[in-house]
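Undergrad: Sequential numbering from 1 applies to the sequence shown in the UniProt record's numbering. One structure, as structure tokens, below. Some questions next.
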Amino acid sequence: MDMMQGRPFKGRTLERIEKFLRSLGLDYDDGVEMTACACDEDGEVVATASRQGAVIKCVGVSAACQGEGLAASVVSEVVTDAIQAGLTHLFVFTKPSNRQIFDDLGFFPMAETADVLLMENRRDGVKRFVASLERPVRDGVIGAVVANCNPFTKGHRCLMETAASQCDFLHVFVLSAEKSLFPAALRLEMVRRGTAHLRNVTVHPTGDYLISAATFPDYFLKDKARVGDVKCELDLTIFARCFAEPMNITRRFVGTEPLSPVTERYNEAMKAFLPPLGVEVTEIPRCEAGGVPISATRARALLERGGLDEPELAELLPETTLALLREYRK
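See the structure below:
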């Protein structure tokens with residue numbers, strides 16, 4: 001049995017891997033950075049696994065080779081490559097029916113829906129992460145806001161001020177994924193400075209959890225039109241089961257979304273999905289500037305066009321954000 005690695009594979013080899021995955025009812029995901037595959041003596045692909053960042057994906061083994069340890073072999077190649085790249089916290093998204101395969105490879109279940117199982121290579125990883133978060137108040141009405149804050153705007157501040165006024169304590173979760181104009185550490189500091197006047201608010205990073213660095217793959221889903229819904233349900237399951245339940249969070253606050261149909265659909269899904277799991281969803285009207293909803297997208301466009309000298313920025317961003325951006329850009 002020959003083992004090959006590609007970063008990623010291209011041309012004829014990639015075509016063979018794609019054909020092999022299709023024969024298993026799987027797809028090859030865009031964005032793959034590295035692939036390991038095993039070939040038999042005839043050069044036919046019989047097992048493969050890939051990696052995109054910290055996510056292991058596109059794992060498949062020929063039915064004729066089941067029980068030969070090939071899944072362990074190709075996944076081990078990918079895990080070793082990830083560790084060499086400095087990535088030690090790894091994730092697998094797969095069908096719930098594949099749980100045993102990844103159990104045997106050292107992965108542990110984190111969250112599950114009817115369509116997808118998310119596993120990580122740390123036993124009780126999310127449980128230990130959530131237990132490490134500061135919780136100065138544990139009784140009464142505990143609320144939450146989850147936001148990217150790219151950058152932190154007056155709209156975000158208005159949402160958090162309103163939410164804080166409606167509960168005994170508010171947890172604000174700032175997404176940690178490094179997929180934004182501003183680094184996660186800077187966005188976290190923006191929110192901490194911008195909410196410092198709110199005595200019943202604590203600001204947390206999300207780590208590798210919640211709409212996170214674990215990029216959602218769809219290689220195992222036949223109905224691609226449902227990918228958004230499946231991702232949404234998994235994300236809300238993680239929030240409800242892994243965050244809200246242990247932190248006694250019973251309310252989640254969101255701003256109305258007149259500008260983004262995708263976010264509006266997410267809000268609607270949240271209102272349908274979370275209440276049965278014990279989390280009430282409260283939508284707060286979006287703050288406006290000059291009769292227009294305040295938007296981080298608009299703020300980014302202004303920053304990219306004219307930098308901090310754009311006069312309109314003062315209408316969109318609080319002074320705490322502007323001061324921090326001045327420090328950051330020195």
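Glycine included, each C-beta is placed from N, C-alpha and C at the ideal position. Given the structure is predicted, the values throughout are model-derived calculations rather than measurements.
1. Can you tell me which of T35, Q5, E44 puts its alpha carbon nearest to the alpha carbon of F20?
2. Are the CB atoms of C242 and Y266 nearer to each other than 9 Å?
3. Counting pairs of Cβ atoms below 8 Å between the stretch 307–317 and the stretch 145–154, do you hit three or more?
4. In chain order, what residues of the same chain have a beta carbon less than 8 Å from the beta carbon of R123, not counting five sequence neighbours either side?
5. Check whether chain C comes within 9 Å of A82, counting only Cβ atoms and requiring the distance to be less than that.
6. Going by beta-carbon coordinates alone, are F173 and H204 separated by less than 9 Å?
7. Using 9 Å as the threshold, is the C-beta distance between G194 and T297 below it?
8. Mind checking which residues open and close the beta strand (DSSP E) that includes G60?
9. Exposed or buried, R157, counting other C-beta atoms within 10 Å across all chains shown (16 or more means buried)?
10. DSSP beta-bridge partners for S50?
11. So the candidates are L70, L87, K95; which of them puts its Cα closest to the Cα of L105?
12. Whose C-alpha, out of I142, R16, I56, is nearest the C-alpha of N248?
13. Report the residue ranges of all alpha helix (DSSP H) runs contained in full by the stretch 128–171; include only those spanning at least 4 residues, in chain order.
14. State yes or no: is the C-beta of E283 within less than 9 Å of the C-beta of K271?
15. What residues in its chain sit with their C-beta under 7 Å from that of V79, if we drop five residues either side in the sequence?
16. Evaluate the contact criterion for the stretch 130–145 versus the stretch 165–172: three or more CB pairs, one atom per stretch, below 8 Å.
17. Curious, which full-length alpha helix (DSSP H) runs of at least 4 residues does the stretch 225–285 contain?
18. Among E264, P275, P261, which has the Cα closest to the Cα of R252?
19. Quick check: the Cα distance between A213 and F220, rounded to an integer number of angstroms?
20. Which residue from G140, A111, E68 puts its Cα closest to that of K127?
21. From what residue to what residue does the beta strand (DSSP E) around L198 run?
22. Would you kindly work out how many angstroms separate the C-alpha atoms of L175 and A64, rounded to a whole number?
23. Going straight from the alpha carbon of M119 to that of V227, what length do you get?
24. Do you know offhand how far R192's Cα is from L186's?
25. From what residue to what residue does the alpha helix (DSSP H) around E327 run?
26. Any idea what DSSP makes of G6, helix, strand or coil?
TA: On the basis of the supplied data:
1. E44
2. no
3. yes
4. F108
5. Any reference to chain C falls outside this structure, which holds one protein chain only.
6. yes
7. no
8. 55–61
9. buried
10. T35, K57
11. L70
12. I142
13. 154–165
14. yes
15. L90
16. yes
17. 227–237, 261–273
18. P275
19. Residue confidence for A213 is low, a pLDDT of 48 falling below 50, so the modelled location carries little weight; the figure read from the coordinates is stated next. Using only the alpha carbons, I get a separation of about 19 Å.
20. A111
21. Segment: none, L198 is in no beta strand (DSSP E) and carries neither H nor E.
22. 43 Å
23. 18 Å
24. 10 Å
25. 319–328
26. strand
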